[in-house]
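**Q** Residue numbers (my numbering): 503 to 1224. Using N, Cα and C, we set each Cβ at its ideal position, and we do this for glycine too.
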Amino acid sequence: MATNNSGKLSIEIPLDASGIENFKPDKGVKVLVKNGNDVQYSQVVQFDEKGYSAASFRFETHPGALQVVVGPGDASDQELLGLQTITISVPSRFWQFKDQLQIKPVVISPYYWWWWWRWCRTFSIFGRVVCPDGSPVPGAKVCAYDVDKWWIFSSTQQVGCTTTDINGAFEIKFRWCCGWWPWWWWRQRIWEQNPILSQTVNKVLKQDLALRLSSPSGNQPGLSTFRGLLDEEGISTNKPLAPTDVEKLETTRLQLLKKLPASAELAELRIWPWWPWRPWWDCNPDIIFKVTQDCITKGTVIVDEDVNDTRWDISTNLNVTLIANEKACCRPICNDRDCPEGECLLITNVCGDPINEIGGNLGAPASPAGYLRPGAILPGVQDYNGDRPYAGTITVNKNSGDMLNVDYYEIEYFNGGSWDPVPPGASVSFQRRWMLLPALTTLDEDFLFTTMFDAGSTPHTVVESREHFEANNYFDWWPALGFRFWITNETLLFVLDSNKFSDGTYQFRVVGWQIGGSVELINKKIIPVCGKETDNNLVLTFDNQVMDPLTHDPSHNCGAGIHLCTQEPDTQVSEVRINGVIVNPCDTINAKEGTLEIDFLAHDVDGHLAVYSLVATYGLSSVVNLLSQASTSVTAIVAGTQTGWAAGNGNGTYGVALAQGAIAPHWYGGKYTLKMDIAEAFPIPCCYQIELRAWKRTVVDCYHGYSHHNLTEYSIGVGICP
């Protein structure tokens, strides 16, 4: 609070820093007084050359007992009350029969004079938020947090937030103090159990198999887990820790270290009780970051660091680069080499897959054409993750350079001898979103495929180019408002619905148009590839999943919510035999040894099978992989069919099928017989559910998992008397 200079009653508080060697009167000292009603007054005073000064306060009425606190001049009143600084009491009786009071000089020792200027300092964090390719993330909110941990609990305190600029750069300045009274520091913290710390500590505790800890009594820091290890004296283990327990923590820590496994790792990670705990004297914060961006969805988290990412004891100036996740909206950065521009086009990726990884395209092997990762097996890639066709909705992107002199464009495909417009509905309209800095305003702009006519009145389905839109809508600089730029889909060229085509391999190209004076399409141009003499061209193979409930084998029992009515792919357990006896679904058989045989189907009519699995589930969340047991063998029922299975492989896969003679890019699967020992398949008497799954390699709606799949379930009881 401000200095109180009015009133009848006054107190003078002399200050004596003369005992400090080489004293310089270049720093102010704050003096704060607080009465019993928590009314506070403070002032900052300067010293003379000899190290003397004084603070004075006036009061209208009797102030009663006073608490006097002396500390660094740049500390706030609240900070001063929480710091372990010079504190003296002025009893109420000192005012007896006096209107003016002068107390003994407050002596400032070298200890305090040294610490005061280190307790509270300004820290600066400089950095950038970028995507993995180095492109900046603008308009993102960056928050820095100090981290504390105790045992398996953690606490974070926000120290500052800011927003990244157009280049993804940011600066956070914050004030950080240490030297707190423990009780003051403790009341500022919010705690929670931390699963990462729990896992880290558990790895060490498991080394001592005889060690038994109690269950925690809550989510707040406490000693309940050590109930059986601590003597009865000391801190209570029945309630959360409180500031009054602080003095006893070190004794408790030493007691626990005698009974817990030694761990240099946990000591290095500064985890109590392996490391002493005095965070109120932590004069250099320990920092993690959380970054959000209002791009597609408001508040999307794009960087979320945890205790394992902590930067311990940072300096007063910290430089960081934060790598955003795949949810971030990046601002592409171009250069002449990577982003050529002109009356040309360079298609760069499909569904995020580089063109040079899709067969038949620029820089990729010629065959199999239109398939992702042609050649099937790449170093470090799973052996069913190659030769992948596409399905569903597909995004096609170009380079970040400008495609000049193209106002509108349409998509054509090669249709058996001629280039024709793609079928109706195949070109899908889309949106781009821009952001305005510094206001952080965002807005979506529709890019619609619409019908326009050329000079000969022929209709064409076209979409406005990004470059034409920008030229007519104040990009990048928006007068009087700021810098406007795209944060989504800047490089998106078109979106294609592959369901509008029959399965197969297709060539596509982009045709550019300009707008004439009567808003007609003029100057049609097949846009060439940047840096080459050839026309732009894109090769893709489609394989969409078709449901066929009318023609699907009725014995497969599809449409019940488990098995899908499709042959893309199809699965079926046709027969189960135990010691030669057929065991139908829901049958039981009392067999503990002998041979299990399963006839099953894993098949894809288009030849794009990726993998199949065959397991038996039982009991409480227990499972046996029937394809990975020592006694397992899998043979094809139809001669010349590749099983895709090999001992030790675990599942049937496309890669193994290729090694067995399948011709890329096709593996159809087939009908097989699994044979193995009953004891390995069914380890205990129980009800078992045999689950057969199969997946296609298709990339569906740009999702690189395996969406096209099927399942068959077959339940029996084994080792159980009928």
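1) Tell me the residue span of the alpha helix (DSSP H) that contains Ala-1181.
2) Out of curiosity, what's the CA-to-CA distance linking Arg-1199 and Ile-849?
3) Is it buried or exposed for Leu-945, if we count other Cβ within 10 angstroms and need 16 for buried?
4) Examine the Cβ distances between the stretch 707-714 and the stretch 643-653 and report whether three or more of them are shorter than 8 Å.
5) Might you give, ordered along the chain, the residues of its own chain that have their beta carbon closer than 7 Å to the beta carbon of Asn-858, omitting 5 neighbours on each side?
6) In the DSSP assignment, the beta strand (DSSP E) including Asn-810 goes from what residue to what residue?
7) Closer than 6 Å by C-beta to Arg-630: which residues in its own chain qualify, once you throw out the five before and the five after it? Chain order, please.
8) Short of 6 Å in beta carbon distance, which residues of its chain neighbour Leu-715, apart from the five on each side in sequence? Order them along the chain.
9) Can you name, in chain order, every residue of its own chain whose Cβ lies under 6 Å from the Cβ of Leu-906, other than the five neighbours on each side?
10) Since Leu-1176 and Ile-1084 are thought to touch, with beta carbons under 8 Å apart, how far apart are those beta carbons, to the nearest angstrom?
11) May I have a chain-ordered list of the beta strand (DSSP E) segments no shorter than 3 residues that lie completely inside the stretch 1132-1160?
12) Taking Thr-993 as the reference, which of Ile-816, Gln-1074, Arg-968, Pro-1056 has the closest Cα?
13) Using the three-state DSSP reduction, which class does Asn-899 fall into: helix, strand or coil?
14) Taking the alpha-carbon positions, what's the Ala-1141 to Tyr-873 distance?
15) Less than 6 Å between C-beta atoms, sequence neighbours within five positions excluded: which residues of the same chain meet that for Cys-1032?
16) From the DSSP secondary-structure annotation, give me the bridge partner or partners of Gly-1172.
17) Could you check the C-alpha separation between Gly-1157 and Gly-1163 for me, to the nearest Å?
18) Looking only at C-alpha atoms, which of Val-805, Lys-800, Ala-1166, Asp-784 sits nearest to Ile-816?
19) Between which two residues does the beta strand (DSSP E) holding Asn-537 run?
20) In the structure shown, what three-state DSSP assignment does Glu-1077 receive?
21) Return helix, strand or coil for Tyr-614, following the three-state DSSP convention.
22) State whether the stretch 952-962 contacts the stretch 1021-1037, with contact taken as three or more CB pairs (one from each stretch) at a distance under 8 Å.
23) Could you spell out where the alpha helix (DSSP H) holding Ile-1222 opens and where it closes?
24) I'd like to know if the stretch 775-783 and the stretch 635-642 are in contact, where contact means that at least 3 CB-CB pairs between them fall below 8 Å.
25) Please report how far the alpha carbon of Asn-1153 lies from the alpha carbon of Ser-1133, in whole angstroms.
26) For the 8 Å Cβ check, are there 3 or more pairs between the stretch 970-978 and the stretch 993-1009?
27) In whole angstroms, give me the CA-to-CA distance for Lys-510 and Ile-588.
28) Using DSSP with H/G/I as helix, E/B as strand and the rest coil, what is Asn-1212?
29) Can you give the beta carbon distance from Ser-512 to Ser-558, rounded, assuming they're within the 8 Å contact cut?
30) Restricting to Cα atoms, I'd like to know which of Leu-711, Ser-719, Thr-754, Cys-633 is closest to Asn-827.
31) Please state whether the Cβ-Cβ distance between Gln-722 and Trp-693 is less than 7 Å.
32) Below 8 Å on the Cβ atoms is my guess for Gly-521 versus Ser-611; work out the distance and round it to an integer in Å.
33) Starting from the C-beta of Asp-1226, find all residues in its chain whose C-beta is less than 7 Å away, skip the five residues before and the five after it, and write them out in chain order.
34) Along the chain, where does the alpha helix (DSSP H) that runs through Thr-753 open and close?
35) Between Gly-1207 and Gly-1171, which are expected to be in contact by the criterion C-beta below 8 Å, what is the C-beta distance as a whole number of angstroms?
36) Between which residues of its own chain and Gln-1074 is the CB-CB distance below 6 Å, once the five residues before and five after are set aside?
**A** On the basis of the supplied data:
1) Your numbering for residue 1181 matches position 679 in the sequence shown. Per DSSP, Ala-1181 is one residue of the alpha helix (DSSP H) stretching across 1180-1183.
2) Here residue 1199 refers to the residue found at position 697 when the sequence shown is read from its first residue. Here residue 849 refers to the residue found at position 347 when the sequence shown is read from its first residue. Spanning the two alpha carbons is a distance of roughly 24 Å.
3) In the sequence shown, the residue the question calls residue 945 occupies position 443. By the Cβ neighbour-count rule, Leu-945 is exposed, with fewer than 16 other Cβ atoms within 10 Å of its own.
4) no
5) Residue mapping note: residue 858 aligns to position 356 of the sequence shown, counting from 1. Cβ within range, chain order: Leu-864, Gly-865, Ala-866.
6) For the purposes of this step, residue 810 is taken as residue 308 along the sequence shown, with counting starting at 1. Premise fails: Asn-810 is in no beta strand (DSSP E) and is neither H nor E.
7) Here residue 630 refers to the residue found at position 128 of the sequence shown. The residues are Gly-670, Ala-671, Thr-823.
8) Taking the sequence shown and counting its residues from 1, one reaches residue 715 at position 213. Contacts found: Thr-727.
9) What you label residue 906 is simply residue 404 of the sequence shown in a count that begins at 1. Gly-844, Glu-845.
10) As a position in the sequence shown, residue 1176 is number 674, starting the count at 1. As a position in the sequence shown, residue 1084 is number 582, starting the count at 1. So it is not a contact: roughly 15 Å between Cβ atoms.
11) 1135-1138
12) Locating residue 993 in the sequence shown gives position 491, counting from the first residue. The residue with the shortest Cα to Cα distance from Thr-993 is Arg-968.
13) Sequence index remark: in the sequence shown, residue 899 carries index 397 (1-based). Strand at Asn-899.
14) Start at 1 with the first residue of the sequence shown, and residue 1141 comes out as number 639. Start at 1 with the first residue of the sequence shown, and residue 873 comes out as number 371. Distance between the alpha carbons of Ala-1141 and Tyr-873: 28 Å.
15) Position 530 of the sequence shown, counting from 1, holds the residue named residue 1032. Here the set comprises Pro-842, Cys-846, Leu-848.
16) Residue 1172 sits at position 670 when you count from the first residue of the sequence shown. Answer is Ala-1104.
17) For the purposes of this step, residue 1157 is taken as the residue at position 655 of the sequence shown. For the purposes of this step, residue 1163 is taken as the residue at position 661 of the sequence shown. Each residue's Cα considered, the two are about 10 Å apart.
18) For this step, residue 816 is matched to residue 314 along the sequence shown. Nearest of Val-805, Lys-800, Ala-1166, Asp-784 to Ile-816, Cα basis: Asp-784.
19) Counted from its first residue, the sequence shown places residue 537 at position 35. Segment 531-537, the beta strand (DSSP E) holding Asn-537.
20) Taking the first residue of the sequence shown as 1, we reach residue 1077 at position 575. Strand, per DSSP.
21) Start at 1 with the first residue of the sequence shown, and residue 614 comes out as number 112. In this structure, Tyr-614 counts as helix in the three-state DSSP scheme.
22) Note that the stretch 952-962 touches the stretch 1021-1037; at least 3 beta-carbon pairs, one per stretch, sit closer than 8 Å.
23) As a first step, residue 1222 is located in the sequence shown; it is residue number 720 there, counting from the start. Note, Ile-1222: premise wrong, no alpha helix (DSSP H); not H, not E.
24) no
25) If you number the sequence shown from 1, residue 1153 lands on position 651. If you number the sequence shown from 1, residue 1133 lands on position 631. Distance between the alpha carbons of Asn-1153 and Ser-1133: 15 Å.
26) no
27) As a first step, residue 510 must be located in the sequence shown, where it is residue number 8. As a first step, residue 588 must be located in the sequence shown, where it is residue number 86. Lys-510 and Ile-588: Cα-Cα distance of roughly 27 Å.
28) Walking along the sequence shown from the start, residue 1212 turns up at place 710. In this structure, Asn-1212 counts as strand in the three-state DSSP scheme.
29) Working through the sequence shown from its first residue, we reach residue 512 at position 10. Working through the sequence shown from its first residue, we reach residue 558 at position 56. Between Ser-558 and Ser-512 the Cβ distance is about 6 Å, and since that is below 8 Å, they are a contact.
30) Position 325 of the sequence shown holds residue 827. Residue Cys-633 is the option with its Cα nearest to Asn-827.
31) Here residue 722 refers to the residue found at position 220 when the sequence shown is read from its first residue. Here residue 693 refers to the residue found at position 191 when the sequence shown is read from its first residue. It is a contact, given that the beta carbons lie within the stated cut-off.
32) Start at 1 with the first residue of the sequence shown, and residue 521 comes out as number 19. Start at 1 with the first residue of the sequence shown, and residue 611 comes out as number 109. Sure, about 7 Å apart at Cβ, within 8 Å.
33) Outside the displayed span of the chain (503 to 1224) sits residue 1226, for which this structure offers no information.
34) Walking along the sequence shown from the start, residue 753 turns up at place 251. Taken as a continuous stretch (DSSP letters only), the alpha helix (DSSP H) holding Thr-753 covers 748-759.
35) Residue numbering aside, residue 1207 sits at position 705 when the sequence shown is read from its first letter. Residue numbering aside, residue 1171 sits at position 669 when the sequence shown is read from its first letter. About 19 Å separates the CB atoms of Gly-1207 and Gly-1171; that is not less than 8 Å, and the two are not in contact.
36) Here residue 1074 corresponds to residue number 572 of the sequence shown, with the count starting at 1. Cβ-Cβ distances below 6 Å link Gln-1074 to His-1058, Leu-1103, Thr-1214 in the same chain, with the five nearest sequence neighbours on each side left out; the list follows chain order.
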